[in-house]
Amino acid sequence: MNKYIRYFLLLVPLLCFFQIWCSLVFDIELPISFPYFFLGGDNPGLMDVIWTIIIIIFSFFIGSIYTARKKLWGWFTCYMLLGGVPIIIFLFGFIIG
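The opening position of the sequence shown corresponds to residue 1 in my numbering, with each subsequent residue numbered one higher.
Below you can see the structure in the form of structure tokens.
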């Protein structure tokens, strides 16, 4: 049972990253907005959005470190593709621009 809880907690940030990719990059609106679904509403306020961003960034770093230390390379690859690529692009644009 502990294994399923651990994988569920690893999956939540990936679902959020997937939803962000679908909505911002591919312009596909999913029926459930995962980052705001966990906060309990479809119409979030500014503080909900800020907390969601903080939680997603924090969970990205925790999930990446955890999967690298436990050598779960499939999960680590998903974290890097869905979460790491946008962060690298943002930092690269911030440094150049």
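Heads up, the beta-carbon is just placed ideally off N, CA and C, and yes, glycines get one too.
Identity of the residue in the options nearest residue i by Cα
i: V85; options: L9, L14, N2; result: L14
i: I20; options: I96, G93, L81; result: L81
i: I104; options: K3, Y4, L11, N2; result: Not covered by the structure: residue 104. The range shown for the chain is 1 to 97.
i: T77; options: I89, S64, I88, K3; result: S64
i: I53; options: Y4, I95, L9, I87; result: I87
i: R6; options: I50, I95, L72; result: L72
i: K3; options: F26, I50, K70, V25; result: K70
Anticipated Cβ contact below 8 Å, residue i with residue j, distance rounded
i: F58; j: G83; result: 11 Å between Cβ atoms; not a contact.
i: C22; j: I56; result: Not really, about 15 Å apart at Cβ, beyond 8 Å.
CB contact below 8 Å: residue i versus chain D
i: I56; result: Although the question refers to chain D, the structure presented lacks it and comprises just one protein chain.
Same chain only: Cβ atoms within 8 Å of residue i, ignoring 5 sequence neighbours per side
i: T67; result: L10, W73, W75, F76, Y79
Same chain, Cβ closer than 7 Å to residue i, neighbours up to 5 away in sequence not counted
i: E29; result: S23
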